[in-house]
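Residue numbers (full-length UniProt numbering), protein chains in the order written: chain A, 1 to 152; chain B, 1 to 152.
Every residue gets a Cβ at the ideal spot worked out from N, C-alpha and C, and that includes glycine.
Remarks on the structure that follows.
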DNA sequence: GATGAAACACTCTAGCA
DNA sequence: TGCTAGAGTGTTTCATC
């Protein structure tokens, strides 16, 4: 379904989706732009390419309150989806993972300031499915979201 | 430096960077494509737009071993940058955050399988600056990396 | 600093071999 | 898949507001 050419195309696009089709062709060894075009559109249809987005420097935009929240819930695994859906619709939430262990959810949030952050915490603490939440301020973003090192 | 128009442009681009300039113009209320073009290029120069990338569905590409690693180091804060640099160059690492509290670093990794994951853990355990690491398998990705809910 | 127009090169894509 | 033709897109320049 996804062959070696597709993988090479994806490797380029996940780092930079503004590369001309012609140039992609050269790099992957498929020299017609139309062939690349058709493959990319197929990958979008199949949902393998989910989106093409601009990654922003949120610190430069004065989002200085990045935090990671660890959530422990009252109920067991079956509630993962239900509680998960509530968590992911909280404001300023970038990612939510359900993990196994003493912590149930890990949430990444990007906030402009403490007030924004407290807005999340207020909603979080009002959810009675939640037993306990630990929120940690990110002191340094050592590596921002970046999939370039992933080898397909 | 970044005005309301820029913020509106960024709001569009962080969700979809493939929107024609003309259409962006209509949406933000700046009706010439050339004005939008100049602003976007300025935002790139300033590093506010870091990259334009394709977001992929890694689960569909059989990356079934997503994990979050909590790292506690032996040394104090000053080592954050040094150890951080080592951590971010580990294979298959998507993000690294230095946080305050009992855990020092949170690492997000995306792996195809257990072997790939163990490759990271091997390198991690061989670093003597690290006191302890807890790795958690992601059971469900409730919300994958997505900045669309962030209000600029 | 924005607009609209014009000109140009570049880019994408549909149809067909 | 490759080729080609036509439509669409981004960028620059200009006069004007």
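- Between residue 90 of chain A and the set A:137, A:125, A:32, the nearest pair of CA atoms involves A:125.
- Taking a Cβ-Cβ cut-off of 8 Å, the neighbours of residue 140 of chain B in chain A comprise 80, 81, 84, 97, 98, given in sequence order.
- Between the alpha carbons of residue 86 of chain B and residue 146 of chain B lies a gap of roughly 26 Å.
- The C-beta distance from residue 131 of chain B to residue 88 of chain B rounds to 19 Å, too long to fall under 8 Å, and the pair is not in contact.
- With a cutoff of 7 Å on beta-carbon distance, residue 70 of chain B and residue 99 of chain B are scored as not near each other.
- Within chain A, the residues whose beta carbon sits less than 9 Å from that of residue 136 of chain B are 97, 99, 100, 101, 103, 106, listed in sequence order.
- For residue 115 of chain B, no CB of chain A lies under 7 Å from its own CB, so it is not counted at the interface with that chain.
- The C-alpha of residue 17 of chain A lies about 29 Å from the C-alpha of residue 138 of chain A.
- The beta carbon of residue 53 of chain B falls within 7 Å of a beta carbon belonging to chain A, placing the residue at that interface.
- When secondary structure is reduced to three states using DSSP, residue 133 of chain A falls in the strand class.
- Residue 92 of chain B belongs to the set of residues whose beta carbon lies under 7 Å from a beta carbon in chain A.
- Going by C-alpha positions, residue 22 of chain A is about 19 Å away from residue 52 of chain A.
- In the three-state reduction of the DSSP assignment, residue 48 of chain B falls in the coil class.
- Taking 7 Å as the CB threshold, residue 28 of chain A stays off the interface with chain B.
- Burial of residue 65 of chain A is indicated by the presence of at least 16 other C-beta atoms within 10 angstroms of its C-beta.
- Under the Cβ distance rule, residue 147 of chain B counts among the residues neighbouring chain A, one pair being separated by less than 7 Å.
- Here residue 148 of chain A has 15 as same chain residues with Cβ atoms under 6 Å from its own Cβ, once five neighbours each way along the sequence are excluded.
- The beta carbon of residue 62 of chain A is closer than 7 Å to those of 112 in its chain, skipping five residues each way along the sequence.
- Taking 8 Å as the upper bound for CB-CB distance, residue 107 of chain B and residue 68 of chain B are in contact here, some 7 Å apart.
- Residue pairing by DSSP places residue 56 of chain B opposite A:49 in a beta bridge.
- In the structure shown, residue 14 of chain B adopts coil according to DSSP, grouped into three states.
- When A:44, A:8, A:79, A:114 are compared, the shortest CA-CA separation from residue 142 of chain B is found for A:79.
- Sequence-ordered contacts of the stretch 9–35 of chain A with chain B read 10, 13, 14, 15, 16, 17, 18 [C-beta pairs closer than 8 Å].
- Three or more beta-carbon pairs drawn from the stretch 28–46 of chain A and the stretch 2–12 of chain A are found closer than 8 Å, and the two stretches are therefore classed as touching.
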